[in-house]
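Our numbering numbers the first residue of the sequence shown as 2 and each following residue consecutively.
Beta carbons are placed, not taken as given, at the ideal position from N, Cα and C, and that holds for glycine.
Below is one structure, written out as C-alpha cells; comments come after it.
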Amino acid sequence: MTFRRRRGQSSQALIEFALISPVLLLLLFGTVDIGRAIFYYDTLNHAAREGARTAVKAPFTLPTNASVLATVTTQLIGAPVTAPCPQGPITSATPPANAAWLYITEPNPPSTVETTPPMNAPGGEYPAVANGGCSAVKPATSNAPLQVTLRFNLILITPIVAQATANRILITAAAIYRTEY
C-alpha cells in the first residue's frame, strides 16, 4: 500500500514548526538561565558560609583574608573570585561578567569608607589604615562577629530575558559567624 501526500502538507508542517520554534527555544534557554541562576545562588550561599567558617575558626595559625579567599575560590569552581577591598565598603559597583567579589567585614557594613571601623577582618590579618577607596583593617578578637559577603554578576544567555534584566543578575550572599579566637 502506498501513501500519497498532497503537495502542500509537507510545507505546512515546516511553516508550523517555523512559527512555534522561537517560542520553544525561548522556553528552553529561559529554563537554562533560571537553572543557572538557582545554581549560582545556592553555590554562592554555600561558599559564603564556608568562607565565614574559615574566617572565624581558631586553628594553629589564625586565618587571613587570603585563606578566606582561597576557601571561597575552591567552593566556586569555574567562577573567578577576587577581593578588591576585602574589608569594604560593599559598593553598588558591578563585578566583572560571571565573576564574584569577596568582602570580609563587620555585620551590616556601611557603603562608605571607614577610617575607624569596628572589628572587620580575620584575627590573623594585620591592622592597616584606610587606603584609597578601601576601609581600614581592624582584626577581630573576643568572639566578635564577622560577615563574609559575595557579590556575583551572572550574565544571561537568553536575549529576551537578558534585555528584561539589564543583561545580568546580581546575586549577593552573606554569612555572619562569631570568631572562635
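Three CB pairs or more closer than 8 Å across the segment 127 to 134 and the segment 150 to 160: no
Determine, using beta carbons only, whether T150 and I91 come nearer to each other than 7 Å. It is a contact, given that the beta carbons lie within the stated cut-off.
Check the C-beta distance from V57 over to L147 and give it rounded, since I have them as a contact under 8 Å. 6 Å
For N46 and V114, I'd like the C-alpha separation in whole angstroms. 25 Å
I'd like to know whether the C-beta atoms of P110 and G89 end up nearer to each other than 7 Å. Yes, the pair counts as a contact, with Cβ atoms nearer than the cut-off.
Excluding the 5 residues flanking P81 on each side, which residues of the same chain have their C-beta closer than 6 Å to its C-beta? Cβ contact annotation for P81 (same chain, cutoff 6 Å, sequence separation greater than five): A100, in chain order.
Three-state class that DSSP yields for I39 in the structure shown: helix
Would you tell me roughly how many angstroms separate the C-alpha atoms of K139 and E126, rounded to the nearest one? 8 Å
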